[in-house]
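>
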Amino acid sequence: AIEEEFNYEIKDKIIDEVVVEENHSVIAVVGEDFRKTPKIAGQVVQSLGSNGINIIAIAQGSSELNISIVIEKTNLKKALNVLHDGLFTRVPKTINLFLVGPGLVGGELLKLIDDESEFLKKNLNIRIKLVGLGNSKKMLFNEKGIDVKNWKDDLQKYGTQINEQKFFDKMKKLNLPNTIVADATAGDVWVPYYEKFLESNFSIVTPNKIANSGDINYYNKLRQIAKRNNVKFLYETNVCSAMPVIKNIKDLAASGDEIIKIEGVLSGTLSFIFNSLKENKKFSEIVSYAKEAGYTEPDPRDDLNGLDVARKLLILAREAGAQLELKDVEVENLIPKKLRSKKTVAQFMSELNSADEYFENLKTKAADKGNVLCYIAKYENGKAKLGIEEIGKEHPFFGLNGNDNIVSITTKFNNVKPLTLSGRGAGARYTASGVLSDILKIANPQG
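Count along the sequence shown from 1, add 298, and you get the number used in our numbering.
(1) Let's test the definition: count the other Cβ atoms within 10 Å of the Cβ of Tyr533 and tell me whether it reaches 16, buried, or not, exposed.
(2) Nearest to Ala653 by alpha carbon, out of Leu602, Asp486, His693, Leu684?
(3) Under a three-way DSSP split, which group does Ser582 fall into?
(4) Name the one or two DSSP bridge partners that Gly317 has.
(5) Just checking my contact of Leu664 with Glu688 at CB under 8 Å: how many whole Å lie between their CB atoms?
(6) Can you tell me whether Leu614 is helix, strand or coil according to DSSP?
(7) Using the beta-carbon count (16 or more within 10 Å), is Glu406 buried or exposed?
(8) I need the DSSP call for Lys559, collapsed to helix, strand or coil.
(9) Among the candidates Glu577, Gln621, Lys576, Thr567, whose CA atom is the shortest distance from the CA of Val585?
(10) Could you check the C-alpha separation between Ile707 and Pro390 for me, to the nearest Å?
(11) How many angstroms separate the CA atom of Phe466 from the CA atom of Gly430?
(12) Exposed or buried, Val318, counting other C-beta atoms within 10 Å across all chains shown (16 or more means buried)?
(13) Met437 bridges to which residues according to DSSP?
(14) According to DSSP, is Asp481 part of a helix, a strand, or is it coil?
(15) Output the distance between the C-alpha atoms of Lys419 and Leu428, rounded to the nearest integer angstrom.
(16) Along the alpha helix (DSSP H) that carries Gly690, what are the first and last residues, could you check?
(17) In this structure, how does DSSP classify Arg425 when only helix, strand and coil are distinguished?
(18) Would DSSP call Ser323 helix, strand or coil?
(19) Does the separation of the CB atoms of Val563 and Phe657 fall below 8 Å?
(20) How long is the line joining the alpha carbons of His322 and Asn473, rounded to whole angstroms?
(21) Since I believe Ser569 is in contact with Asn701 (beta carbons under 8 Å), could you give me their beta-carbon distance rounded to a whole number of angstroms?
(22) Is the beta carbon of Lys710 less than 8 Å from the beta carbon of Asp555?
(23) Enumerate in chain order the residues of its own chain whose CB-to-CB distance from Leu637 is below 8 Å, with the five nearest sequence positions on each side excluded.
(24) Restricting to Cα atoms, I'd like to know which of Leu402, Ile338, Asn499 is closest to Ala482.
(25) Since Lys468 contacts Phe439 with CB under 8 Å, what's their CB separation in whole angstroms?
(26) Exposed or buried, what is Asn506 when buried is set at 16 or more other beta-carbons lying within 10 Å of its beta-carbon?
(27) Going straight from the alpha carbon of Asn349 to that of Glu577, what length do you get?
(28) Spatial neighbours of Glu301 within its chain, please: C-beta separation below 6 Å, excluding the five flanking residues on both sides.
(29) Can you give the beta carbon distance from Val607 to Ala552, rounded, assuming they're within the 8 Å contact cut?
(30) How is Asn735 classed by DSSP in three states: helix, strand or coil?
(31) So, for Gly718: in the same chain, excluding its five sequence neighbours on each side, which residues have a beta-carbon less than 8 Å away from its beta-carbon?
(32) Thr458 to Met437, Cα distance in whole Å?
(33) Whole angstroms is fine: what's the gap from Lys519's alpha carbon to Glu493's?
(34) Report the option in Asn476, Ile460, Ile633, Gln744 whose CA atom is closest to the CA atom of Leu381.
(35) When you compare the CB positions of Leu385 and Trp449, do they come within less than 8 Å of one another, or not?
(36) Report the start-end ranges of each beta strand (DSSP E) in the stretch 379 to 426 that is 3 residues or longer and not cut off at the edges.
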C-alpha cells in the first residue's frame, strides 16, 4: 500500500524504496505543548544516549502532543526505565550498582549507601540499588536489589563461583539503565575489563590505582572510550582518599592554567612514620607500631618501597598532561638494601632495627639546621621523583601531623602562593565516602 501510494516519488528517487526493518520498537513520549516546552526533546535524546541506546528514527507529531522514537527491541525495557527516571522527577532516579571487591573500602561503601539511603532519596531524589556483587571467590546478582545490610550472608549462601567474564556477560544481559561499576579491589584482575565496561555504556568509579598508573596507551584509550560513549570514568580516591586533589588539577588544566609543579606527601603511612621521627622514636619502632595499628599494608615493605607513592604521583602528573610511564618516576626506596632480599615479613621486621642508625643520623643532621625530614613526591619540568627531603619552617609541609596528606599545586596563575590541600591520608570509611561522592557525581551531574 505504501509503495503504491508513493510509486512516483520512489521512481523519481525523491524518497527511498520501502524497506522493512525487524526487531525494532516504537516509544511515544506524550505530553502537552511539546513545541513550547524547552528541553523535553533534548532530555529524551540525552537520557537515551547516555545509556547507550541508539535512536534509529525520531519524529514529533503535528499535534505537538508527542515524540515518537524508534529503537532496537532489545533496549525497550531499558529505554522505558531511562525515560521514566529522566522525565518524572517525583520518582527517585535508580542507579544500578555492580560492586567488585567488597573488602575494607567496598564494605564501608555498602554501609554508607545503607546509612545515607533516606538522605539520598529525600534530598537528591536518588536511589542506589546494588544489583551485582563479586569478591575473590563468589558473585551474586539480583535485579530487584541485593540487601546491603545482609550482603555477606547472601553472597555466601546464594553466590556462585566468581568468573570475571561471566560477571561481565551477566551485566550485559541485564542491560540496566544508569549502570555504574565500582571496582574496590586492590589487584589488577578487573583492569582489562574497564574498556569493556565503558564500551558497554557502563560508567566506572574506583579507588584502584592500577589502570591509571599502568600503560599510558591504555590510560589514554580508557578516556577516549568514555568520551565517545558519553559515560564516566571517575577515580578521585586514587590519590589522597577523598581529598579533591584530582578534581582541582583537572579543573585548573581545563581552565587553561599551566601546571608548573605538583608537590605532596601522598602516603598516610609514610606521613605517620616521618612525623613520628620528630618525637625521638626509632625508625623500626615506628614501623612496628604502624603495622600493629593497621596503618601499613600487611607487608610494610609495600609502603616503604615507594611504589604506591610513585603510582599516585604518576596519576597526578598525567592529569597535568604528562605522558609518563611508571618506570619514568625516580623512586627512593626506604627499605635498606641488605633487607630487600628477606623472604618473609617476620624476617624483615626482626632485622629492621639495623636501619635505625641511618635514619637517626638523617634526622639529627636536619634538626641541627632547624629542619625536619619529609618523604615528598614532586612533579616539575616534566620529571617525577620522590624521596626524603629536609624542609624548614617556611615550607607548607613543615607542620604536618599524624598520617595527614598534603598537596601543593603551583600554576602559571598561582605561582606566588600555590594552591594547597591537606587532610586525612587514610581510612576505609574516608575512602569509601570519596567513592560514593563519585557515584553521586554520575547520578546527578547537574548537582
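Positions of the beta carbon are idealized from the N, C-alpha and C atoms, including for glycine.
Just so we're clear, the structure is a prediction, and the values are computed from it rather than from any experiment.
In brief:
(1) By one-based count along the sequence shown, residue 533 stands at place 235. Classification for Tyr533: buried.
(2) Numbered from 1 along the sequence shown, position 355 holds the residue referred to as residue 653. With distances taken between Cα atoms, Ala653 lies closest to Leu602.
(3) Sequence index remark: in the sequence shown, residue 582 carries index 284 (1-based). Reduced to three states, the DSSP call for Ser582 is helix.
(4) Residue mapping note: residue 317 aligns to position 19 of the sequence shown, counting from 1. A small correction: the amino acid at residue 317 is Val; Gly does not occupy that position in the sequence shown. As far as DSSP is concerned, Val317 takes part in no beta bridge.
(5) Reading the sequence shown from its first residue, position 366 is the one you call residue 664. Reading the sequence shown from its first residue, position 390 is the one you call residue 688. The amino acid at residue 664 is misidentified as Leu; the sequence shows Ala. The C-beta distance from Ala664 to Glu688 rounds to 4 Å, short enough to meet the 8 Å contact threshold.
(6) Counting from 1 along the sequence shown, the entry for residue 614 is found at position 316. The answer is helix: DSSP assigns Leu614 an H, G or I state.
(7) The residue labelled residue 406 in the question sits at position 108 within the sequence shown. Per the 10 Å Cβ criterion, buried.
(8) Position 261 of the sequence shown holds residue 559. Of the three classes helix, strand and coil, the one that applies to Lys559 here is strand, per DSSP.
(9) As a working mapping, residue 585 is identified with position 287 in the sequence shown. Of the candidates Glu577, Gln621, Lys576, Thr567, Thr567 places its Cα closest to the Cα of Val585.
(10) Position 409 of the sequence shown, counted from the start, is the residue given in the question as residue 707. Position 92 of the sequence shown, counted from the start, is the residue given in the question as residue 390. Roughly 39 Å separates the two Cα atoms.
(11) Here residue 466 is taken as the residue at index 168 of the sequence shown, counted from 1. Here residue 430 is taken as the residue at index 132 of the sequence shown, counted from 1. Those two C-alpha atoms are separated by around 10 Å.
(12) Reading the sequence shown from its first residue, position 20 is the one you call residue 318. Exposed.
(13) Taking the first residue of the sequence shown as 1, we reach residue 437 at position 139. Note: Met437 sits in a beta bridge opposite Gly432, Thr458.
(14) The residue you call residue 481 lines up with position 183 of the sequence shown. Asp481 falls in the strand class under three-state DSSP.
(15) Your numbering for residue 419 matches position 121 in the sequence shown. Your numbering for residue 428 matches position 130 in the sequence shown. Straight across, the Cα-Cα distance linking Lys419 with Leu428 is about 15 Å.
(16) Numbered from 1 along the sequence shown, position 392 holds the residue referred to as residue 690. Looking at the DSSP string, Gly690 is not in any alpha helix (DSSP H), and its letter there is neither H nor E.
(17) Here residue 425 refers to the residue found at position 127 when the sequence shown is read from its first residue. DSSP places Arg425 in strand when its eight states are reduced to three.
(18) As a position in the sequence shown, residue 323 is number 25, starting the count at 1. Note: Ser323 maps to strand in three-state DSSP.
(19) As a position in the sequence shown, residue 563 is number 265, starting the count at 1. As a position in the sequence shown, residue 657 is number 359, starting the count at 1. Their beta carbons are not under 8 Å apart, which means Val563 does not touch Phe657 by this criterion.
(20) Locating residue 322 in the sequence shown gives position 24, counting from the first residue. Locating residue 473 in the sequence shown gives position 175, counting from the first residue. Here the alpha carbons of Asn473 and His322 stand approximately 16 Å from one another.
(21) Translated into positions along the sequence shown, residue 701 becomes position 403. Translated into positions along the sequence shown, residue 569 becomes position 271. Asn701 to Ser569, Cβ: 5 Å. Contact.
(22) Against the sequence shown, residue 710 aligns to sequence position 412. Against the sequence shown, residue 555 aligns to sequence position 257. Going by C-beta atoms, Lys710 is nearer than 8 Å to Asp555.
(23) Working through the sequence shown from its first residue, we reach residue 637 at position 339. Excluding sequence neighbours, Leu637 sits near Phe646, Glu649, Leu650, Ser652, Ala653.
(24) For the purposes of this step, residue 482 is taken as the residue at position 184 of the sequence shown. The residue among Leu402, Ile338, Asn499 with its C-alpha nearest the C-alpha of Ala482 is Leu402.
(25) Counting from 1 along the sequence shown, the entry for residue 468 is found at position 170. Counting from 1 along the sequence shown, the entry for residue 439 is found at position 141. With a Cβ gap of about 6 Å, Lys468 and Phe439 count as contacting.
(26) For the purposes of this step, residue 506 is identified with residue 208 of the sequence shown, where counting begins at 1. When all chains shown are included, Asn506 counts as buried.
(27) For the purposes of this step, residue 349 is taken as residue 51 along the sequence shown, with counting starting at 1. For the purposes of this step, residue 577 is taken as residue 279 along the sequence shown, with counting starting at 1. Roughly 55 Å between the two C-alpha positions.
(28) Reading the sequence shown from its first residue, position 3 is the one you call residue 301. Closer than 6 Å at Cβ, skipping near neighbours: Val316.
(29) Numbered from its first residue, the sequence shown carries residue 607 at position 309. Numbered from its first residue, the sequence shown carries residue 552 at position 254. So it is not a contact: roughly 26 Å between Cβ atoms.
(30) Indexing the sequence shown from 1 puts residue 735 at position 437. It is worth fixing the name first, because residue 735 is Ser in this sequence and not Asn. Three-state result, Ser735: helix.
(31) Locating residue 718 in the sequence shown gives position 420, counting from the first residue. Reading off the sequence, residue 718 comes out as Thr, not Gly. These residues qualify, in order along the chain: Pro694, Ile704, Val705, Ser706, Ile707.
(32) Within the sequence shown, the letter at position 160 stands for residue 458. Within the sequence shown, the letter at position 139 stands for residue 437. Looking at the two C-alpha atoms, the distance is approximately 5 Å.
(33) The residue labelled residue 519 in the question sits at position 221 within the sequence shown. The residue labelled residue 493 in the question sits at position 195 within the sequence shown. When rounded, the separation of the alpha-carbon atoms in Lys519 and Glu493 is 8 Å.
(34) Your numbering for residue 381 matches position 83 in the sequence shown. Nearest option by C-alpha distance: Asn476.
(35) Residue mapping note: residue 385 aligns to position 87 of the sequence shown, counting from 1. Residue mapping note: residue 449 aligns to position 151 of the sequence shown, counting from 1. Trp449 sits away from Leu385, with the two beta carbons spaced by 8 Å or more.
(36) The qualifying runs are 391 to 398.
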